[in-house]
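Count along the sequence shown from 1, add 238, and you get the number used in my numbering. Using N, Cα and C, we set each Cβ at its ideal position, and we do this for glycine too. Some notes on the structure that comes next.
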Amino acid sequence: FYNSTGDKTCFDIYGATASVGRTWTYQTCTEFLMPLGQYGPPNDIFPKRPWNQQMWERQCKAMFGVENKLSWEEINYGMIEEYQRTLRFASNIVFSYGTEDPWKVGCLRQQINTETLVLEIQGAAHHLDLRAPQPKDPQSVKNAREKEEELIQQWIAKKRFRGINY
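Below you can see the structure in the form of structure tokens.
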């Protein structure tokens with residue numbers, strides 16, 4: 239919808255000025271490495287900008303004064319175990335992912351405790367269950383939303399029963 243009129247120039251995908259853009263960048267600098275790049279036409283529609291770890295490290299240092307010691311290998315082959323270890327006492331969280339989500343490699347796949355839910359959604363893409371319902375949503379997504387809503391209602395009722403109101 240950015241250029242529905244056809245009168246705009248190229249969208250600046252690096253010009254995030256909102257705090258969301260900065261917080262996401264900070265998170266990738268400090269918590270996990272996201273080796274994303276573009277290779278340009280004919281591979282994709284974006285300008286050529288291959289992944290460059292040294293450039294990313296310099297950007298993190300310049301923007302936030304931080305250094306990330308994690309490597310791509312640690313992120314892709316070790317973070318699931320780290321999540322399981324650090325989140326074992328978490329509660330009231332749904333960890334959902336779709337089978338068509340390219341980010342699913344970094345998702346929890348097993349329950350970490352009885353107070354959270356890991357939900358695999360067949361045929362779903364990234365965050366599809368969190369988006370507004372659409373008529374063409376797969377039944378698996380509709381079922382996931384229903385399960386998530388039911389669970390959240392249970393959590394709220396449990397807190398209210400204990401005398402905690404929101």
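**Prompt:** Rounded C-beta distance between I359 and G336? I'm assuming under 8 Å.
**Reply:** Residue 359 sits at position 121 when you count from the first residue of the sequence shown. Residue 336 sits at position 98 when you count from the first residue of the sequence shown. Confirmed, Cβ separation roughly 5 Å.
**Beta bridge counterpart(s) of R326 as assigned by DSSP** = Working through the sequence shown from its first residue, we reach residue 326 at position 88. In the DSSP output, where bridge partners are listed per residue, R326 has none listed.
**Asked** Excluding the five sequence neighbours on either side, which residues of its own chain have a C-beta within less than 6 Å of the C-beta of L368, listed in chain order?
**Response** For the purposes of this step, residue 368 is taken as residue 130 along the sequence shown, with counting starting at 1. There are no such residues.
**Asked** Is F333 closer than 8 Å to V304 when the C-beta atoms are compared?
**Response** Here the question's residue 304 lines up with position 66 in the sequence shown. Here the question's residue 333 lines up with position 95 in the sequence shown. No Cβ-Cβ contact shorter than 8 Å links V304 with F333.
**Message:** Is P285 near the ligand COA - that is, is its Cβ less than 7 Å away from at least one heavy atom of it?
**Reply:** In terms of ligand content, the structure shown is empty, and the ligand COA therefore cannot be addressed.
**Asked** What separation, rounded to the nearest whole angstrom, lies between the Cα atoms of F399 and A362?
**Response** In the sequence shown, counting from the first residue as 1, residue 399 sits at position 161. In the sequence shown, counting from the first residue as 1, residue 362 sits at position 124. About 35 Å.
**Request:** Between the Cα of N306 and those of T352, P376, I390, F270, spot the shortest distance and give me the residue it belongs to.
**Result:** Along the sequence shown, one-based indexing puts residue 306 at 68. Checking every option, the nearest Cα to that of N306 belongs to F270.
**Message:** Less than 8 Å between C-beta atoms, sequence neighbours within five positions excluded: which residues of the same chain meet that for N290?
**Reply:** What you label residue 290 is simply residue 52 of the sequence shown in a count that begins at 1. Counting only Cβ-Cβ distances below 8 Å, and skipping sequence neighbours, we find G275.
**Request:** Would you kindly work out how many angstroms separate the C-alpha atoms of R347 and D245, rounded to a whole number?
**Result:** Stepping through the sequence shown from its first residue, residue 347 is reached at position 109. Stepping through the sequence shown from its first residue, residue 245 is reached at position 7. Near 45 Å, if we compare the C-alpha coordinates of D245 and R347.
**Request:** Grab the span of the alpha helix (DSSP H) containing I394 for me, first residue to last.
**Result:** In the sequence shown, counting from the first residue as 1, residue 394 sits at position 156. For I394, the enclosing alpha helix (DSSP H) covers residues 377-399.
**For R326 and K385, the rounded distance between their alpha carbons** = In the sequence shown, counting from the first residue as 1, residue 385 sits at position 147. In the sequence shown, counting from the first residue as 1, residue 326 sits at position 88. Going from the Cα of K385 to the Cα of R326 covers about 22 Å.
**Three-state class that DSSP yields for R287 in the structure shown** = On the sequence shown, residue 287 is found 49 positions in, with the first residue counted as 1. Note: R287 maps to strand in three-state DSSP.
**Asked** Taking the alpha carbon of Y321 as the point to measure from, which residue in T354, Q297, P373, C298 has its own alpha carbon closest?
**Response** On the sequence shown, residue 321 is found 83 positions in, with the first residue counted as 1. Of the candidates T354, Q297, P373, C298, the one whose C-alpha sits nearest the C-alpha of Y321 is T354.
**E358 - DSSP class collapsed to helix/strand/coil** = Within the sequence shown, numbered from 1, the residue matching residue 358 stands at position 120. E358 falls in the strand class under three-state DSSP.
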